[in-house]
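Report on the following structure.
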Amino acid sequence: MAQNEPVTLEYKGRIAVITIDNEKKLNALTQDGYYLIAKFMREIATHDEVFVTVLTGKDS
Numbered sequence: 001m002a003q004n005e006p007v008t009l010e011y012k013g014r015i016a017v018i019t020i021d022n023e024k025k026l027n028a029l030t031q032d033g034y035y036l037i038a039k040f041m042r043e044i045a046t047h048d049e050v051f052v053t054v055l056t057g058k059d060s
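Just so you know, we're using full-length UniProt numbering here: the sequence shown kicks off at 1 and counts up by one.
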C-alpha cells in the first residue's frame, strides 16, 4: 500500500473522522485508498466509545 495515500483517521471524543485529502484529483482514491478506508472502518468498529463515524473530503 502506498505510504502517501491521502486518507487520514482522527478521533475526536466519541466521533471518528476519516478525511480524504486529494484536492487536485477531486478526492479520487486508488484501490489502496479504498482498502485504507475499509481498514479504518474495521479499526473504528473495535472502539466501543465511538458512536459516530464521519467520512469527509477536503476542498479548496
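Positions of the beta carbon are idealized from the N, C-alpha and C atoms, including for glycine.
- Whole angstroms is fine: what's the gap from F51's alpha carbon to I15's? Taking the first residue of the sequence shown as 1, we reach residue 51 at position 51. Taking the first residue of the sequence shown as 1, we reach residue 15 at position 15. Each residue's Cα considered, the two are about 6 angstroms apart.
- Task: Select from K12, N4, P6 the residue whose C-alpha is nearest the C-alpha of T53.
- Result: Locating residue 53 in the sequence shown gives position 53, counting from the first residue. For T53, the nearest C-alpha among the options comes from K12.
- Query: Across which residues does DSSP place V17 in a beta bridge pair?
  - Reply: Here residue 17 refers to the residue found at position 17 when the sequence shown is read from its first residue. BP columns for V17 point to E10, V54.
- Task: Alpha carbon to alpha carbon, how far is G57 from I18? Give it in angstroms, no decimals.
- Result: One-based indexing of the sequence shown puts residue 18 at position 18. One-based indexing of the sequence shown puts residue 57 at position 57. Approximately 8 angstroms between the Cα atoms of the pair.
- Query: If you draw a straight line from the alpha carbon of K39 to that of N4, how long is it in whole angstroms?
  - Reply: On the sequence shown, residue 39 is found 39 positions in, with the first residue counted as 1. On the sequence shown, residue 4 is found 4 positions in, with the first residue counted as 1. Cα-Cα distance, rounded: 16 angstroms.
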